[in-house]
Every structure is written in structure tokens, then in C-alpha cells.
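**Q** This is the structure I have questions about; it appears just below.
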Amino acid sequence: MTTGTAESATPQQGLEAALRALVVDALAKGTGGTLTTNTALRTELGISAGTIQRALDLLADRGALATVSRGHLGRRIESVDVGAGWQLARLAPVRVVLSPAGAVEMDALEQAIAASLGELGIPHTVQHLRGGSQRLSAVRNGEHDLTVVSSGTLDGTRAAEATAWHGTVRTLEPGTYYAPARLVTVRRTDALTRAPASVAIDRDSFDHEALTRAEFPGDAGFRYVDVPFPDVPAYVAAGIVDAGVWHVTRSPIPVELAGLSLLPISRPEAEAVREKLSRAVLAMGGAREEIRAVLSALQFAQLDEEQNRGFEEEAERASRLRRAARTAAQHTGRS
1 MTTGTAESAT
11 PQQGLEAALR
21 ALVVDALAKG
31 TGGTLTTNTA
41 LRTELGISAG
51 TIQRALDLLA
61 DRGALATVSR
71 GHLGRRIESV
81 DVGAGWQLAR
91 LAPVRVVLSP
101 AGAVEMDALE
111 QAIAASLGEL
121 GIPHTVQHLR
131 GGSQRLSAVR
141 NGEHDLTVVS
151 SGTLDGTRAA
161 EATAWHGTVR
171 TLEPGTYYAP
181 ARLVTVRRTD
191 ALTRAPASVA
201 IDRDSFDHEA
211 LTRAEFPGDA
221 GFRYVDVPFP
231 DVPAYVAAGI
241 VDAGVWHVTR
251 SPIPVELAGL
261 SLLPISRPEA
271 EAVREKLSRA
281 VLAMGGAREE
291 IRAVLSALQF
301 AQLDEEQNRG
311 FEEEAERASR
321 LRRAARTAAQ
331 HTGRS
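According to full-length UniProt numbering, numbering within the sequence shown proceeds without interruption in unit steps and concludes at 335.
Okay, structure coming up:
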């Protein structure tokens with residue numbers, strides 16, 4: 001937070017430094033916490049007590065921060081407005097990294113996060129990176145501030161690294177990362193009468209590996225073939241593998257037109273794994289303490305509605321395509 005000294009900073013620079021320090025401190029500690037003392041701020045920032053007071057007054061006037069002085073015990077935070085404080089302090093945008101678009105659940109989460117940050121008035125950027133473990137690493141090393149992974153990926157990462165997640169997490173409701181019936185098994189339609197022997201598995205994806213081993217256990221004789229999980233339908237269609245677990249995503253060509261069938265997860269062990277994985281978890285690293293307040297302020301009340309809208313739009317697109325295909329077949333038959 002160091003921005004200069006009393007000798008080198010202009011009054012405006014000193015005020016800006018005080019605003020940033022106070023807002024970051026308040027956002028990190030939250031309502032009920034105690035702000036860093038004026039003495040500590042003066043020492044750290046090299047500014048006067050008057051500058052700190054002007055910053056406190058400005059934040060109070062704009063409704064960004066309300067505090068109560070408790071003498072030598074410091075100032076207690078009565079309330080803090082995340083968006084107003086962020087804007088007054090001119091804090092850097094929140095850097096969000098999410099799964100690539102395609103699955104309805106992922107799109108709904110991205111829309112909800114963007115809408116909530118917009119309503120708060122907090123600037124943000126969004127980038128996409130495949131793989132929950134890779135996104136957690138990007139947040140942990142400070143490349144990004146916030147990500148969303150499945151509850152299973154977070155648990156799997158913790159177990160694999162034998163360490164606790166040092167950031168902060170917020171766990172949403174079941175079905176927010178994997179909605180019911182969206183984790184399926186892909187088979188060739190013309191081979192449904194034959195038991196599968198070879199099964200796709202993505203060992204770089206905790207979720208895919210866990211689901212695959214639960215639905216197609218190795219001790220039952222299934223042979224695993226390494227396949228990137230987004231490519232499972234293509235590998236099944238090409239006959240490279242007989243089956244594979246897949247998270248339903250949008251495709252220009254519906255899988256049924258590619259000669260594939262989507263079957264529900266059937267084994268109780270796999271259903272239990274699916275339920276355990278289904279929650280979305282928002283995770284932040286420890287590099288920017290103010291992100292903790294953003295994590296708490298994000299609103300997801302409309303997430304179910306966004307998901308359902310996405311499912312309806314997906315179903316309507318598929319229905320239009322089927323109608324067009326039937327019409328084309330009828331014209332071909334008459335010609």
C-alpha cells in the first residue's frame with residue numbers, strides 16, 4: 001500500500017493513498033471489525049492525521065464507510081458499501097477466470113457474476129481457462145483474483161496437494177456447477193445393445209476421473225483410454241472408445257445427429273459422486289484482501305432462473321433443428 005512519503009507525496013496523492021488503505025482495510029475486515037489505527041497508517045503511508053481524517057470524512061459523506069471511534073481501541077466498522085468504497089478508492093478491477101463457455105451452468109454463473117459486479121459498480125475483467133485445478137493455481141499465484149470450480153475439484157486439489165486452500169471460498173447450492181441430468185454417458189446409438197469395453201477418462205480432471213471410475217469401475221473390466229473430457233463425444237463417434245462420461249455443452253451439431261445417445265448416470269456410486277461434485281465454489285487467493293468483501297457481496301438469487309432460461313433456449317434450438325430436418329426429409333421424399 002505504500003505510495004510515497006510526506007515529503008514526496010502531494011496532498012491529493014496522500015488523500016488517494018489514505019482512501020485506498022482505508023477501503024482495503026475495511027473491505028478485508030468487514031462490518032464489526034476494527035480499522036488499522038491512524039498511527040499505523042501514518043507510519044506506513046507517510047501522511048498526516050489530517051489527511052486520514054479527510055479520507056474518513058469523504059468516505060462517510062459518500063456512504064462508503066461508517067465507523068465509530070472507540071478511543072485507543074480504534075475505529076469500529078459500522079458499515080461498508082463495497083461498490084462505493086471501491087470506486088472512491090479507485091481500486092483495480094477484479095480479475096475473474098472462469099471455465100470456457102458452452103455449458104449452460106457455466107454461462108449462467110458468468111452472467112450472474114458479471115451482473116452482480118455491474119450492479120455493485122465494481123470493474124472487472126473475465127478470462128477463460130479450461131481445468132478447475134489450473135484456475136485454482138492461477139488464483140493462488142496471483143494471476144487472477146477470483147474463480148469458480150466444482151466442490152469436487154476444490155476437495156480433490158486439497159487432497160492431492162495435502163494442503164489447505166489458503167484463500168477464501170464461498171460454496172453455492174447443489175446443482176449450481178453441474179445441474180441434474182447434465183452429467184451423462186455418451187454411447188454410439190448403433191452400439192447400445194453391446195456392453196462397452198473401452199471408456200474415455202481425463203486424468204487431468206478430478207471430476208471426470210472420479211465420475212468415470214464410479215460409473216465404469218476398473219475392477220469390472222473396463223479399459224480406460226485417455227481423452228480430454230470436452231472431446232469425449234468425438235472420440236465415441238469415431239469409435240476410438242465405446243463410452244465416456246460427458247458434461248453436456250452446446251454444440252453446433254446436436255449429438256443425436258452425430259449418431260450418439262446420451263444416457264443418464266446409472267450406478268449409485270456414480271450418482272453419489274455427481275451429487276458431491278455438483279456445487280459451484282467461488283475461490284479467491286490471498287493476494288488482495290479486499291476481494292473477500294466482493295465474494296460475500298455477489299448475488300446469485302437469479303441463478304436458477306438463468307439456468308432454466310439457458311436450458312429452455314437449448315431445447316428450443318434442438319427442436320427447431322429437428323423440425324427443419326423433418327421438413328427437409330419430406331421435401332427429399334417428394335422429389
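For glycine and all other residues, C-beta sits at the position ideal for the given N, C-alpha and C.
1) Contact defined as beta carbons within less than 8 Å: I believe L27 pairs with L35. What is the distance between those atoms, to the nearest angstrom?
2) Could you give the distance in angstroms between the alpha-carbon of L65 and the alpha-carbon of Q53?
3) Apart from the five residues on each side of it in sequence, which residues of its chain come closer than 7 Å, Cβ to Cβ, to G83?
4) Is E306 helix, strand or coil when you go by DSSP?
5) Tell me the start and end of each unbroken alpha helix (DSSP H) in the stretch 9-91 that is at least 4 residues and wholly inside, in chain order.
6) Pick from L192, F206 and R188: whose alpha carbon is nearest that of A237?
7) Hey, could you find the ends of the beta strand (DSSP E) T168 is sitting in?
8) What did DSSP end up calling residue 377 once you bin it into helix, strand or coil?
9) DSSP on P233, reduced to helix/strand/coil?
10) Evaluate E306 with the Cβ neighbour count: other Cβ atoms within 10 Å of its Cβ, from every protein chain shown; 16 or more gives buried, anything less gives exposed.
11) For the alpha helix (DSSP H) holding S133, just list the boundary residues, first then last.
12) Between the beta-carbon of V126 and the beta-carbon of V96, is there less than 7 Å?
13) Can you list, in chain order, the residues of its chain with a C-beta nearer than 6 Å to that of G156? Leave out the 5 residues immediately preceding and following it.
14) Going by the CB atoms, is the gap between Y177 and A280 shorter than 7 Å?
15) From L260, F216 and R170, pick the residue whose C-alpha is nearest to that of P233; which is it?
16) Does Q299 come out as helix, strand or coil in the three-state DSSP assignment?
17) According to DSSP, simplified to helix, strand and coil, what is H208?
18) In three-state DSSP terms, what is E316?
19) Tell me, to the nearest whole angstrom, how far the beta carbon of V227 is from that of G244; I am working on the premise that it is less than 8 Å.
20) How should T153 be labelled, buried or exposed, when 16 other C-beta atoms within 10 angstroms of its C-beta is the threshold for buried?
21) For A104, which option in L183, A115, E78 and G50 has the closest C-alpha, if you only look at C-alpha atoms?
22) Please classify I47 as buried or exposed, where buried requires at least 16 neighbouring CB atoms within 10 angstroms.
23) To the nearest angstrom, how far is the alpha carbon of S319 from that of G131?
24) Following the continuous beta strand (DSSP E) through V248, name the residue where it begins and the one where it ends.
25) Can you look up R279 in the DSSP assignment and give me helix, strand or coil?
26) What's the C-alpha gap between P217 and T249?
27) For V199, tell me which candidate among E275, L298, T193 and V186 has the shortest Cα-Cα distance.
28) Taking the continuous beta strand (DSSP E) assigned at residue 337, which residues delimit it?
29) Between L117 and V94, how many whole angstroms is the CB-CB distance? I'm expecting something under 8 Å.
**A** Looking at the atomic coordinates:
1) By one-based count along the sequence shown, residue 27 stands at place 27. By one-based count along the sequence shown, residue 35 stands at place 35. Not confirmed; about 11 Å, so no contact.
2) For this step, residue 65 is matched to residue 65 along the sequence shown. For this step, residue 53 is matched to residue 53 along the sequence shown. Whole-angstrom Cα-Cα distance: 12 Å.
3) Along the sequence shown, one-based indexing puts residue 83 at 83. Only L120, G121 and I122 meet the Cβ criterion.
4) In the sequence shown, residue 306 corresponds to position 306, counting from 1. The answer is helix: DSSP assigns E306 an H, G or I state.
5) Listed in chain order, they are 11-29, 38-45, 49-61 and 82-89.
6) Here residue 237 is taken as the residue at index 237 of the sequence shown, counted from 1. Comparing Cα positions, the closest option is R188.
7) One-based indexing of the sequence shown puts residue 168 at position 168. Start and end: T168 to T171.
8) Outside the shown range of the chain (1 to 335) lies residue 377, about which nothing can therefore be said.
9) For the purposes of this step, residue 233 is taken as the residue at position 233 of the sequence shown. In this structure, P233 counts as helix in the three-state DSSP scheme.
10) Within the sequence shown, residue 306 is the residue found at index 306, counting from 1. With 16 or more Cβ atoms within 10 Å of its Cβ, E306 is classed as buried.
11) Within the sequence shown, residue 133 is the residue found at index 133, counting from 1. Per DSSP, S133 belongs to the alpha helix (DSSP H) from G132 to R140.
12) Stepping through the sequence shown from its first residue, residue 126 is reached at position 126. Stepping through the sequence shown from its first residue, residue 96 is reached at position 96. Taking 7 Å as the Cβ cut-off, V126 and V96 qualify as a contacting pair.
13) Here residue 156 corresponds to residue number 156 of the sequence shown, with the count starting at 1. Taken in chain order, the residues that qualify are F206.
14) Walking along the sequence shown from the start, residue 280 turns up at place 280. Walking along the sequence shown from the start, residue 177 turns up at place 177. It is a contact, given that the beta carbons lie within the stated cut-off.
15) Stepping through the sequence shown from its first residue, residue 233 is reached at position 233. If we check each option's Cα against that of P233, L260 comes out closest.
16) Counting from 1 along the sequence shown, the entry for residue 299 is found at position 299. Here Q299 sits in coil by DSSP.
17) Taking the first residue of the sequence shown as position 1, residue 208 is located at position 208. In this structure, H208 counts as helix in the three-state DSSP scheme.
18) Position 316 of the sequence shown, counted from the start, is the residue given in the question as residue 316. Helix at E316.
19) Taking the first residue of the sequence shown as position 1, residue 227 is located at position 227. Taking the first residue of the sequence shown as position 1, residue 244 is located at position 244. Right, their Cβ atoms sit about 6 Å apart.
20) Walking along the sequence shown from the start, residue 153 turns up at place 153. Its Cβ being crowded by 16 or more others within 10 Å, T153 is buried.
21) Residue mapping note: residue 104 aligns to position 104 of the sequence shown, counting from 1. One detail in the question is off: residue 104 reads as Val in this sequence, not Ala. Answer by Cα proximity: L183.
22) Residue numbering aside, residue 47 sits at position 47 when the sequence shown is read from its first letter. I47 is buried by the Cβ-count criterion.
23) On the sequence shown, residue 319 is found 319 positions in, with the first residue counted as 1. On the sequence shown, residue 131 is found 131 positions in, with the first residue counted as 1. Those two C-alpha atoms are separated by around 31 Å.
24) Counting from 1 along the sequence shown, the entry for residue 248 is found at position 248. Per DSSP, V248 belongs to no beta strand (DSSP E) and is neither H nor E.
25) Translated into the one-based positions of the sequence shown, residue 279 becomes position 279. If DSSP states are grouped into helix, strand and coil, R279 belongs with coil.
26) Translated into the one-based positions of the sequence shown, residue 217 becomes position 217. Translated into the one-based positions of the sequence shown, residue 249 becomes position 249. Roughly 25 Å separates the two Cα atoms.
27) By one-based count along the sequence shown, residue 199 stands at place 199. Considering only alpha carbons, the answer is V186.
28) The question about residue 337 has no answer, for the chain in this structure spans 1 to 335.
29) Locating residue 117 in the sequence shown gives position 117, where the first residue counts as 1. Locating residue 94 in the sequence shown gives position 94, where the first residue counts as 1. Yes, L117 and V94 are in contact; Cβ-Cβ is about 7 Å, under 8 Å.
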